[in-house]
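Visitor: Okay, here's the structure, questions in a sec.
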Amino acid sequence: MTILVENHPGYRVITLNRPSRLNALTVETAADLRAALNEAETDETCRAILLTGAGRGFCAGQDLTAIVDKPAAEIGHLLDHYNPLIRQMRALPLPIVCAVNGVAAGAGANLALACDIVLAAQSATFVQAFARIGLIPDCGGTWFLPRLVGAARARALAMLADPVSAQQAADWGLIWQTFPDDRLMPEAHALAARLATQATLALALTKQALNAAEAGELDAQLDLERNLQAEAAATPDHAEGLQAFLAKRPARFTGRKS
Ligand code: LHQ
1 MTILVENHPG
11 YRVITLNRPS
21 RLNALTVETA
31 ADLRAALNEA
41 ETDETCRAIL
51 LTGAGRGFCA
61 GQDLTAIVDK
71 PAAEIGHLLD
81 HYNPLIRQMR
91 ALPLPIVCAV
101 NGVAAGAGAN
111 LALACDIVLA
121 AQSATFVQAF
131 ARIGLIPDCG
141 GTWFLPRLVG
151 AARARALAML
161 ADPVSAQQAA
171 DWGLIWQTFP
181 DDRLMPEAHA
191 LAARLATQAT
201 LALALTKQAL
211 NAAEAGELDA
221 QLDLERNLQA
231 EAAATPDHAE
241 GLQAFLAKRP
251 ARFTGRKS
């Protein structure tokens, strides 16, 4: 296994675990991550995911030792293993928190950007390293970057491959928040635990609506919101949220569909 999976009350922590190579990605890692997400999705007690890396790096992108001397067609084909992972993360009906504990480079940076809420240690950096080795940003990079930071920054990040500090990333809106290095994991756990107490189905529907909004027009989005809102309104968590508001007490969400 190239990852570690830990169960916590309400959420699972998935840790990329090849620290001697800064958790560089292999086809096996992609398969391990997909299996871990599948398992999390089928476990009704799991209501959030926390993704992080072991050691001093988050993820250095594709393991370059695995692609040296490979024919170009085979390298392109590698993305047939990574793309389903990115799709699965975006479609997963659970919030994914990413705790970027150190450098996030190449596909490793874009793996982080595919998560729902990205936190980073102040010493972490984000590098669209692809240009340094004559490749293009993949794993959704060309899609995420302009949407998160705008066209001008996206182009410079992709073409220059300069590292961006965690603070700069937060200031630009590439990620959500930074923390001093020793606070990152406690804060990330607290956030995952907090999300695990929320109205899980409503969060899944929110994710679905936000995903669609990235591609669609306002007109279609209003229709989609109407339909998804009807689904959210049918959940016990919605009823509980209303009762809690009226009783002036905190809501006790279960995440159950019915
Ligand atoms: C590594 C790696 C690594 C193997 C550090 N592989 N060993 C492309 C192709 C096709 C399909 C799939 O998708 C992709 C997408 C991509 O991700 S392409 C981009 C791949 N990633 C990179 O180009 C980044 C390469 N790494 C670096 O530039 C640096 O290592 C960074 C900036 C990440 C960190 O620098 P340092 O903190 O100075 O660490 P380091 O370079 O000393 O690395 C520590 C060790 O990890 C070292 O091994 P060693 O045996 O010398 O201790 C590195 O060789 C190894 N490592 N990245 N991607």
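For the sequence shown, the numbering used here gives the first residue as 1, with consecutive numbering after it.
We treat Cβ as the ideally placed atom computed from N, Cα and C, and that holds for glycine.
1. So Arg147 is in the alpha helix (DSSP H); what residue range does that whole segment cover?
2. Any heavy atom of the ligand LHQ closer than 8 angstroms to the CB of Gly140?
3. Write down every uninterrupted run of the beta strand (DSSP E) in the region 48 to 133 whose length is 3 residues or greater and which is fully enclosed by it, in chain order.
4. Between the region 149 to 168 and the region 58 to 76, are three or more C-beta pairs nearer than 8 angstroms?
5. Is there at least one non-hydrogen atom of the ligand LHQ closer than 8 angstroms to the beta-carbon of Ser20?
6. Classify Leu25: buried if its beta carbon has 16 or more other beta carbons within 10 angstroms, exposed otherwise.
7. Could you check whether Gly255 and Ala199 sit closer than 9 angstroms to each other, using their CB atoms as the reference points?
8. Of the choices Gly141, Gly55 and Leu50, whose alpha-carbon is the least far from that of Asn23?
9. Report the rounded CA-to-CA distance for Glu39 versus Ile49, giving the unit in angstroms.
10. Counting only runs that start and end within the region 161 to 198, where is the alpha helix (DSSP H) found for 4 or more residues in a row?
11. Quick one: what does DSSP say Thr200 is sitting in, helix, strand or coil?
Guide: Straight from the coordinates:
1. For the purposes of this step, residue 147 is identified with residue 147 of the sequence shown, where counting begins at 1. It spans Gly141 to Val149 - the alpha helix (DSSP H) in which Arg147 sits, taken as one unbroken run.
2. Residue 140 sits at position 140 when you count from the first residue of the sequence shown. The answer is no for Gly140.
3. Look at the region 48 to 133 and you find these whole runs of beta strand (DSSP E), each 3 residues long or longer: 48 to 53, 57 to 59, 96 to 100, 103 to 105, 117 to 121 and 125 to 127.
4. no
5. Position 20 of the sequence shown, counted from the first residue, corresponds to residue 20. The answer is yes for Ser20.
6. Residue mapping note: residue 25 aligns to position 25 of the sequence shown, counting from 1. It is buried - the Cβ of Leu25 has at least 16 other Cβ atoms within 10 Å.
7. Position 199 of the sequence shown, counting from 1, holds the residue named residue 199. Position 255 of the sequence shown, counting from 1, holds the residue named residue 255. Yes; because the gap between Cβ atoms is below 9 angstroms, this pair is in contact.
8. Counting from one through the sequence shown, the residue named residue 23 turns up at place 23. Measuring from the Cα of Asn23, the nearest candidate turns out to be Gly55.
9. Within the sequence shown, the letter at position 39 stands for residue 39. Within the sequence shown, the letter at position 49 stands for residue 49. Going by the C-alpha atoms only, they are around 11 angstroms apart.
10. 166 to 172 and 181 to 195
11. As a first step, residue 200 is located in the sequence shown; it is residue number 200 there, counting from the start. Thr200 falls in the helix class under three-state DSSP.
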